[in-house]
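Written out below as structure tokens is the structure these notes cover.
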Amino acid sequence: MSRSRSFLFVLLALGLGSVGCYSPNHQPVIIAGPRPLGSPSTPGGLKFEEGTVIQLQLEVTDQDEDEIFFRWTQVPADPAGAFSNASVATPTWTVPSPPEDPNQAFHLYVEVEDGNGGVLLGQSPAIYVLPKQ
411 MSRSRSFLFV
421 LLALGLGSVG
431 CYSPNHQPVI
441 IAGPRPLGSP
451 STPGGLKFEE
461 GTVIQLQLEV
471 TDQDEDEIFF
481 RWTQVPADPA
491 GAFSNASVAT
501 PTWTVPSPPE
511 DPNQAFHLYV
521 EVEDGNGGVL
531 LGQSPAIYVL
541 PKQ
């Protein structure tokens, strides 16, 4: 047997050359959210008073049952609100002071990653900040 055929035989015998053993990774899927818990779906966005602590809702599944990692951010970054923990599925977010432009909306983004290459980005509805009364 030639040297290249011997090498191919060894690969196949070890299972390194088989195609049927590989199972592709599936991307996580967002079932609900991201959005403030209990908030209605409105086309014009959501309004909250500055300083309000909002419980965020996010439900995610992963067909492969991979461990899922989260990273929450807000856009624009200033004025900054505060996440209780930006690395969990359902943190709270404290609404910041109103931006200079009262028509400027905030969006909360969550990057969901399964650690095996499956990544997706979720976006909340527009959030408008009302001055504290």
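When the letters of the sequence shown are read in order and numbered with this note's numbering, they come out as residues 411 to 543.
Cβ coordinates follow ideal geometry from the N, Cα and C atoms, glycine included.
Subject >> Cβ-Cβ distance between T504 and A515 below 8 Å >> reply: no
Original post:
Does the count of Cβ pairs from the region 465 to 473 and the region 518 to 527 closer than 8 Å reach three?
Top reply: yes
**OP:** Return yes when the Cβ of I537 is within less than 8 Å of the Cβ of G565, no when it is not.
**Re:** With the chain covering 411 to 543 only, the question about residue 565 has no answer from this structure.
Subject >> Exposure label - L518; buried when at least 16 CB within 10 Å >> reply: buried
**OP:** Just grab the DSSP bridge partners of G532 for me.
**Re:** V520
Subject >> Rounded C-alpha distance that separates S507 from P438 >> reply: 34 Å
Subject >> First through last residue of the beta strand (DSSP E) which encompasses T500 >> reply: Element bounds for T500: n/a, residue is neither H nor E.
Original post:
Taking buried to mean at least 16 other C-beta atoms within 10 Å of its own C-beta, is P453 buried or exposed?
Top reply: exposed
Subject >> Distance, N435 Cα to D474 Cα >> reply: 7 Å
Subject >> Residue environment, G461, which counts as buried when at least 16 other CB atoms sit within 10 Å >> reply: exposed
Subject >> G528, buried or exposed, once every other Cβ within 10 Å from all chains shown has been counted against 16 >> reply: buried
Original post:
In this structure, does DSSP put G448 in helix, strand or coil?
Top reply: coil
Subject >> Extent of the continuous beta strand (DSSP E) to which E459 belongs >> reply: 456 to 459
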